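In our numbering, the protein residues as written are 6 to 317.
Just so you know, even glycine gets a beta-carbon here, dropped at the ideal spot from N, CA and C.
In this text the structure is predicted, and so the values were computed from the model without any measurement.
Please read the structure below before turning to the comments.
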């Protein structure tokens, strides 16, 4: 269980039922309201109706009635007897907790409580609380405005010293067999800086938060795979990468011969066209540890924007 602001997160299970059981271990109130995450436009009026009916039964359920002719298998049935069950549903916590103590799988709380002999009370549902199941359902998200067109930028910086053993991997490309970088992972300083830039644009922390250098599982890790894991995170929270720009600061090795290969490799890792990736190279005119050819530094910038589900 984790606390984040006003919210408590607990570990989910392999099924909806197991996830709910895990959550109920932390519920101390006499009533609990459970909603499908796929229902995003739940009106406040529906929540108010649930709460005002809380003492009417073990579980309070919003329903919709159908207005079209209904068949069950090959025979027509009385449509006034058919109800479409919605969430959220408001249950007595102890009744729901007991109802879930079974190996039988239920698709909602009312089914579990009813099977246990509990009472069910129906209230008027709401068409706005539509369950998002198929791609065309996205057009029914009337409560959500289209995503903002704002862009978000992040910067990253990393530096590694040389080691006497190779290979040297830089921006996902092998640039030397004779020497490499001293690092916990493969030492790809360019991809490390880029990973930080992408996480920074999403306000997602830094590479050390995701892949700590004291974790033995990342010993010698492929930095390209770490970059893709960070990219997966920012995509999962609603972003797409729009552009990235890297400046490699090195007296040695010479970056020029590898720039296009680096560009193509990063584009492949990020699943974006190469023209959205820029690689620059410079030296320190023989000044500092870089000028003494002791290591390489990289600065990176990344630009993200929100994934626009209205255009898909």
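Legend entry - Spatial distance of residue 98 from residue 50 (CA atoms): One-based indexing of the chain shown puts residue 98 at position 93. One-based indexing of the chain shown puts residue 50 at position 45. Cα-Cα distance, rounded: 22 Å.
Legend entry - Where the alpha helix (DSSP H) through residue 213 begins and ends: In the chain shown, residue 213 corresponds to position 208, counting from 1. Note, residue 213: alpha helix (DSSP H), 212-215.
Legend entry - Under the three-state DSSP convention, the category residue 205 falls into: Taking the chain shown and counting its residues from 1, the one referred to as residue 205 is at position 200. Helix, per DSSP.
Inset, instruction - Please classify residue 236: is it buried, with 16 or more other beta-carbons within 10 angstroms of its beta-carbon, or exposed? - result: Residue 236 sits at position 231 when you count from the first residue of the chain shown. Answer is buried; the Cβ neighbour count reaches 16.
Inset, instruction - May I have a chain-ordered list of the alpha helix (DSSP H) segments no shorter than 4 residues that lie completely inside the segment 208-277? - result: Correct list: 212-215, 228-241 and 264-275.
Inset, instruction - Just mark residue 89 as buried or exposed, buried being the case when its beta carbon has 16 or more other beta carbons within 10 Å. - result: Within the chain shown, residue 89 is the residue found at index 84, counting from 1. By the 16-neighbour rule on beta-carbons within 10 angstroms, residue 89 is exposed.
Inset, instruction - With DSSP as the reference, label residue 94 as helix, strand or coil. - result: Position 89 of the chain shown holds residue 94. Looking at residue 94 - three-state DSSP - the assignment turns out to be strand.
Inset, instruction - Using the DSSP secondary-structure output, state which residues sit across from residue 44 in a beta bridge. - result: Working through the chain shown from its first residue, we reach residue 44 at position 39. Per DSSP, 136.
Inset, instruction - Have a look at the DSSP bridge pairing and note the partners of residue 181. - result: Taking the chain shown and counting its residues from 1, the one referred to as residue 181 is at position 176. Looking at the DSSP assignment, residue 181 forms a beta bridge with 173.
Legend entry - Alpha-carbon spacing of residue 240 relative to residue 23, whole angstroms: Numbered from 1 along the chain shown, position 235 holds the residue referred to as residue 240. Numbered from 1 along the chain shown, position 18 holds the residue referred to as residue 23. Distance between the alpha carbons of residue 240 and residue 23: 27 Å.
Legend entry - In chain order, each alpha helix (DSSP H) run of at least 4 residues that lies wholly inside the segment 47-84: 49-57
Legend entry - Residue environment, residue 306, which counts as buried when at least 16 other CB atoms sit within 10 Å: Against the chain shown, residue 306 aligns to sequence position 301. The residue in question, residue 306, is buried, as its Cβ has 16 or more Cβ neighbours within 10 Å.
Legend entry - Whole-angstrom distance between residue 65 and residue 161, CA atom to CA atom: Position 156 of the chain shown, counted from the start, is the residue given in the question as residue 161. Position 60 of the chain shown, counted from the start, is the residue given in the question as residue 65. The alpha-carbon separation between residue 161 and residue 65 amounts to approximately 51 Å.
Inset, instruction - Say whether the segment 294-311 touches the segment 159-174, bearing in mind that this needs 3 or more beta-carbon pairs closer than 8 Å, one atom from each stretch. - result: Look at the beta carbons and you see the segment 294-311 touching the segment 159-174: at least three pairs across the two are nearer than 8 Å.
Legend entry - For residue 288, three-class secondary structure by DSSP: Along the chain shown, one-based indexing puts residue 288 at 283. Coil at residue 288, not helix or strand.
Inset, instruction - May I ask whether a heavy atom of the ligand PLP can be found less than 7 Å away from the beta carbon of residue 247? - result: No copy of the ligand PLP appears in this structure; indeed no ligand is present at all.
Inset, instruction - Using beta-carbon positions only, say whether residue 2 and residue 223 come within less than 8 Å of one another. - result: The displayed coordinates of the chain run from 6 to 317. Any statement about residue 2 would go beyond what the structure contains.
Inset, instruction - From the DSSP output, in three-state form, read off residue 163 for me. - result: Counted from its first residue, the chain shown places residue 163 at position 158. If DSSP states are grouped into helix, strand and coil, residue 163 belongs with the strands.
Inset, instruction - Can you tell me which of 26, 78 and 192 puts its alpha carbon nearest to the alpha carbon of residue 110? - result: Along the chain shown, read from residue 1 onward, the residue named residue 110 stands at position 105. Closest in alpha carbon position to residue 110, among 26, 78 and 192, is 26.
Inset, instruction - For residue 202, collect the residues of the same chain with a Cβ closer than 6 Å to its Cβ; drop the 5 residues on either side in sequence, then sort them by chain order. - result: Here the question's residue 202 lines up with position 197 in the chain shown. Result list for residue 202: 159, 160, 161, 305, 306 and 307, in chain order.
Inset, instruction - Pick helix, strand or coil for residue 281, following the three-state DSSP scheme. - result: Here residue 281 corresponds to residue number 276 of the chain shown, with the count starting at 1. Correct three-state label for residue 281: helix.
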